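Worksheet for the structure shown next.
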Amino acid sequence: MKQYLAILHLSVALTLLAGCAMAFAQNAENGRRLSERWCSECHALDAAPGKVGKAQSFASIAAKETITLEMISSFLRLPHATMPNLPLSRKDTQDIAAFIMDLKK
15 MKQYLAILHL SVALTLLAGC AMAFAQNAEN GRRLSERWCS ECHALDAAPG KVGKAQSFAS
75 IAAKETITLE MISSFLRLPH ATMPNLPLSR KDTQDIAAFI MDLKK
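Residue 70 in the working numbering sits at position 56 of the sequence shown, and the numbers go up by one each step.
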């Protein structure tokens, strides 16, 4: 009986942990929507050059060999002189980063 309860508790704990991991997973589709809303005025969201001329396209950012999802997310959370301070949560920045990384070829 004790062994059964231990297995049951372990099963419940693993199920809950899996649900938490899913809640924190990046959502590239949400990142695309956020990018269209907040970034598309200056950045091309595909392989075309940036709309302002100075801003890199997301595809060119994704094409950099050393770029990672965490690097993009961290960059978006820091203030930059050339970018507006956007009201993005940590989850939003991770979603945008996931969208950009999905453009990697």
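C-beta atoms are modelled at their ideal positions from N, C-alpha and C, and glycine is treated no differently. Keep in mind that this is a model prediction, so the values were computed, not measured.
Return the CA-CA distance between residue i and residue j, expressed in angstroms with no decimal places.
i    : j    : result
F38  : S88  : Its pLDDT being 48, under 50, F38 is placed unreliably by the model, and nothing is read from it.
A76  : D109 : 14 Å
G124 : T96  : Nothing in the structure corresponds to residue 124, since the chain is present only between 15 and 119.
Q40  : T80  : 20 Å
K78  : K119 : 10 Å
Going by beta carbon distance, what residues of the same chain come within less than 6 Å of residue i, once the five residues before and after it are set aside?
i   : result
A42 : A112, F113 and D116
L19 : Low local confidence applies: a pLDDT of 47 at L19 is under 50, so the model's placement there is unreliable, with the coordinate-based value given in what follows. Excluding positions up to five away in sequence, the list is empty.
I86 : A111 and I114
Is the Cβ-Cβ distance between residue i and residue j less than 8 Å?
i  : j   : result
L5 : L90 : The chain is shown from 15 up to 119; residue 5 falls before or after that span and cannot be answered.
Using DSSP bridges, identify the partner residues of residue i.
i   : result
H94 : M97
Once the 5 residues before and after residue i are set aside, which same chain residues still bring their CB inside 7 Å of it?
i    : result
D106 : L48
Skipping 5 residues on each side, what residues in its chain have a beta carbon closer than 8 Å to that of residue i?
i    : result
D60  : S71, F72, A73 and L117
R104 : S87 and R91
Quick one: measure Cβ to Cβ for residue i and residue j, integer angstroms, because I've assumed they're closer than 8 Å.
i   : j   : result
L92 : W52 : Contact flag wrong, Cβ pair sits at about 15 Å.
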